[in-house]
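Q: Supplied in structure tokens, the structure appears directly below.
Residue numbers (the working numbering): 45 to 277.
So this is what it looks like as structure tokens:
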């Protein structure tokens with residue numbers, strides 16, 4: 045279960061031609077959504093890594109408020125955003141950005157919609173197409189956590205217990221993921237890409253296994269907006 049955003053939208057922008065990632069990278073968005081659907085690790089884990097495994101195993105739904113900061117390779121904050129996320133197994137998620145721009149990323153597990161209110165545009169993909177060659181593709185299957193990552197306990201920082209996840213596959217577009225737990229619950233995530241850019245997510249008002257209406261993972265484009273449908277491309 046994780047969330048931070050880097051390049052799913054770099055990838056999505058290349059797929060769609062829509063500069064969604066110019067204002068807010070969405071890789072952690074989809075990364076977290078799909079990471080939640082990983083199976084528990086088959087190998088024995090200890091410490092915070094074991095806590096993370098147990099947390100993931102117990103989640104059917106997740107809702108939270110998030111704050112997102114993107115930091116460049118020189119350590120300078122370059123983007124900040126905030127909003128709400130909602131996840132439902134299997135494979136359904138929505139990220140609603142409220143600041144600085146209203147943007148939405150919604151998937152019912154088969155179709156993925158990206159809506160930019162300012163651009164008055166919706167782009168549509170099959171979920172598999174949009175996530176191809178991204179961290180989300182690695183995480184969207186039912187493989188054990190340890191099959192996709194090497195896990196290392198990092199100890200405590202900022203009141204959180206951290207686990208380092210290093211991808212075992214090459215060419216994922218990111219070099220490492222750090223997941224933070226506070227009192228055994230998801231509290232933060234950091235995702236570093238191959239160029240050294242860091243996307244940092246902090247979570248608040250986290251709720252697990254609340255009742256969720258599956259209809260919330262469908263999306264109807266607002267009247268009058270441009271719809272770019274890439275499902276057949």
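All C-beta atoms, glycine included, are put in the ideal place defined by N, C-alpha and C.
1) Tell me the start and end of each unbroken beta strand (DSSP E) in the segment 222 to 276 that is at least 3 residues and wholly inside, in chain order.
2) Per DSSP, what are the beta-bridge partners of residue 126 in this structure?
3) By the DSSP assignment, the beta strand (DSSP E) with residue 96 in it spans what residues?
4) Whole angstroms is fine: what's the gap from residue 107's alpha carbon to residue 202's?
5) Could you check the C-alpha separation between residue 246 and residue 271 for me, to the nearest Å?
6) Judging by CA-CA distance, which residue of 242, 110, 168 is the nearest neighbour of residue 269?
7) Please confirm if the segment 226 to 233 is in contact with the segment 127 to 136, defined as three or more CB-CB distances below 8 Å between the two stretches.
8) Let me confirm a value: residue 172 is counted as buried when at least 16 other C-beta atoms fall within 10 Å, else exposed. Which label applies?
9) So does residue 148 have its beta carbon nearer than 8 Å to some heavy atom of the ligand MN?
10) CB-CB under 6 Å to residue 148, same chain, minus the five flanking residues each way: which ones, in chain order?
11) How many angstroms separate the CA atom of residue 212 from the CA atom of residue 267?
A: On the basis of the data shown:
1) The segment 222 to 276 contains, as complete beta strand (DSSP E) runs of 3+ residues, the segments 229 to 237, 242 to 252, 270 to 273 (chain order).
2) Taking the first residue of the chain shown as position 1, residue 126 is located at position 82. Checking the DSSP bridge columns, you'll see residue 126 partnered with 111, 143.
3) Numbered from 1 along the chain shown, position 52 holds the residue referred to as residue 96. Per DSSP, residue 96 is not a residue of any beta strand (DSSP E); the alpha helix (DSSP H) it occupies stretches across 91 to 101.
4) Here residue 107 refers to the residue found at position 63 of the chain shown. Here residue 202 refers to the residue found at position 158 of the chain shown. Roughly 22 Å between the two C-alpha positions.
5) Start at 1 with the first residue of the chain shown, and residue 246 comes out as number 202. Start at 1 with the first residue of the chain shown, and residue 271 comes out as number 227. If you take the alpha carbons of residue 246 and residue 271, they lie about 32 Å apart.
6) To locate residue 269, count along the chain shown from 1; it is residue 225. Residue 168 is the option with its Cα nearest to residue 269.
7) Too few Cβ pairs lie closer than 8 Å, so no.
8) For the purposes of this step, residue 172 is taken as the residue at position 128 of the chain shown. Exposed is the label assigned to residue 172, since fewer than 16 other Cβ atoms lie within 10 Å of its Cβ.
9) No copy of the ligand MN occurs in the structure displayed, which carries no ligand at all.
10) One-based indexing of the chain shown puts residue 148 at position 104. Excluding sequence neighbours, residue 148 sits near 140, 159.
11) Here the question's residue 212 lines up with position 168 in the chain shown. Here the question's residue 267 lines up with position 223 in the chain shown. Whole-angstrom Cα-Cα distance: 44 Å.
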